[in-house]
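Colleague:
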Amino acid sequence: MRVARRNFAVVAAGLCGFCCGCGTKPLPFAAAAIPPPPPFEFAGAWGARGTGPGQFGAPVALATDTIGNVYVADAGSASVHKFSQLGEPRLSFEDDRAVLHPVSVAVDEGGAIYVADERRGSVIIYKPDGSHFREVRLALPSAAARSSLRVAIDVDGNIVVAARKPFGLRKYTWRGRPATTWKNAAAGGAGLDEPSGVAADAGLIYVSDAANGAIRVYQHDGTLVRTLMAPGERPALGAIAVGHQWVVATDERAHALHVWSVDGGYRLREDLSAWISGSEPSPLGVAFAPGNECLVLDAPAARILRFRLHL
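In this note's numbering, the protein residues as written are 255 to 565.
1. Is the beta carbon of V502 closer than 8 Å to that of I469?
2. Quick check: the region 394-413 against the region 355-374, are at least 3 beta-carbon pairs closer than 8 Å?
3. Just to confirm, are E372 and S401 a CB contact at a threshold of 8 Å?
4. Rounding to the nearest angstrom, what Cα-Cα distance links L491 and D463 in this structure?
5. Applying the 10 Å Cβ sphere with the 16-neighbour rule, what's the burial state of P289?
6. Closest to R344 by CA distance: which of A352, D350, H335 and R351 is it?
7. Candidates P313, H512 and S531: which alpha carbon is nearest M483's?
8. From the DSSP output, in three-state form, read off A510 for me.
9. Compute the Euclidean distance between the alpha carbons of V461 and P291, then round it to the nearest angstrom.
10. Ends of the beta strand (DSSP E) at R488?
11. Are the CB atoms of E506 and P537 within a distance shorter than 8 Å?
12. Tell me which same chain residues have a C-beta within less than 6 Å of the C-beta of G311, skipping the five on either side of it?
13. Just checking my contact of A393 with N412 at CB under 8 Å: how many whole Å lie between their CB atoms?
14. Do you know how far the Cα of V550 is from the Cα of E524?
15. Please state whether the Cβ-Cβ distance between L339 and A543 is less than 8 Å.
16. Buried or exposed: which applies to S531, given that a residue is buried once 16 or more other Cβ atoms fall within 10 Å of its Cβ?
17. What's the C-alpha gap between P382 and A286?
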């Protein structure tokens, strides 16, 4: 019994040297501090090049709806694909009247799908099941203007269209008529040299201009509110997404994203070179999804990258 007590005393004395004021060394098994997650936490990827379900020919644009369904405009297969947020195929359709040449895609709150077609210079509206509903023809003067078509849907269900000057930024009703609340002449005078993305959120409209490295923000009537810029050299900003109180724009040449708060403050530049390789422009599309996720279209690899936001 005496020996046992002496051993206990020795052990206790040894522990004292590590854990109380008479010692300086921490316990070897003390838990290390857990670092915070990165602003863009990689959550996975889905998609591949091919002709089967869940595969793409040449994806060019990306959109999401209010419940997280993902829509991809595919110029390679002349079609639009619909997926769950995790990449499960749900719908794929072509136009039953002509071959699609999509350059942009958007979805309204009711699930109708809007595709900007560069060959026809139109925005084509499809019902949620993919059936043709209406074609809104636009007076675009050149092939260059038609290829720059970008489309979004505002809070009132109007169609917002951006294209190179002199077209500028315009708004139409779903019937294809100019929206009466929109100052077409004023917005057209904005002089968009190379519009590369358009988005609408909370009554505001955002349009990126790759040639000038800027995002212009307009009120619902076309009045310019502010201009968003990234620090340093002007990046060739591309597709944009607005949500979760943030504005995100792609930088295709640098394989990066730029982030602003909705009040215009610049937040950060996120380098995606760990997930996107090669010299081809990418990402071509970006969209927000439920669960605080940001989806990115890596077109050369024909896949969607998922990131959880911690901004």
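Virtual Cβ for every residue (Gly too), placed ideally from N, Cα, C.
Modeller: Considering the structure as presented:
1. Here the question's residue 469 lines up with position 215 in the sequence shown. Here the question's residue 502 lines up with position 248 in the sequence shown. It is not a contact, given that the beta carbons lie outside the stated cut-off.
2. Yes: at least three Cβ pairs fall under 8 Å.
3. Taking the first residue of the sequence shown as position 1, residue 372 is located at position 118. Taking the first residue of the sequence shown as position 1, residue 401 is located at position 147. For E372 and S401, yes; Cβs fall inside 8 Å.
4. Position 237 of the sequence shown, counted from the start, is the residue given in the question as residue 491. Position 209 of the sequence shown, counted from the start, is the residue given in the question as residue 463. Going from the Cα of L491 to the Cα of D463 covers about 7 Å.
5. Within the sequence shown, the letter at position 35 stands for residue 289. Flag for P289 reads exposed.
6. Taking the sequence shown and counting its residues from 1, the one referred to as residue 344 is at position 90. It is H335 whose Cα lies nearest to the Cα of R344.
7. Locating residue 483 in the sequence shown gives position 229, counting from the first residue. Looking at the Cα atoms, H512 is the closest of the given residues.
8. If you number the sequence shown from 1, residue 510 lands on position 256. Strand.
9. Taking the first residue of the sequence shown as 1, we reach residue 461 at position 207. Taking the first residue of the sequence shown as 1, we reach residue 291 at position 37. Roughly 30 Å between the two C-alpha positions.
10. Within the sequence shown, residue 488 is the residue found at index 234, counting from 1. That residue, R488, is in no beta strand (DSSP E); it is neither H nor E in DSSP.
11. Locating residue 537 in the sequence shown gives position 283, where the first residue counts as 1. Locating residue 506 in the sequence shown gives position 252, where the first residue counts as 1. Cβ distance < 8 Å, so P537 and E506 count as in contact.
12. Counting from one through the sequence shown, the residue named residue 311 turns up at place 57. The residues are D328, G330 and S331.
13. For the purposes of this step, residue 393 is taken as the residue at position 139 of the sequence shown. For the purposes of this step, residue 412 is taken as the residue at position 158 of the sequence shown. Between N412 and A393 the Cβ distance is about 18 Å, and since that is not below 8 Å, they are no contact.
14. Working through the sequence shown from its first residue, we reach residue 524 at position 270. Working through the sequence shown from its first residue, we reach residue 550 at position 296. Rounded to the nearest angstrom, the two C-alpha atoms are 12 Å apart.
15. For the purposes of this step, residue 339 is taken as the residue at position 85 of the sequence shown. For the purposes of this step, residue 543 is taken as the residue at position 289 of the sequence shown. A small correction: the amino acid at residue 339 is Gln; Leu does not occupy that position in the sequence shown. Taking 8 Å as the Cβ cut-off, Q339 and A543 qualify as a contacting pair.
16. For this step, residue 531 is matched to residue 277 along the sequence shown. The residue in question, S531, is exposed, as its Cβ has fewer than 16 Cβ neighbours within 10 Å.
17. Reading the sequence shown from its first residue, position 128 is the one you call residue 382. Reading the sequence shown from its first residue, position 32 is the one you call residue 286. Cα to Cα, P382 sits roughly 51 Å from A286.
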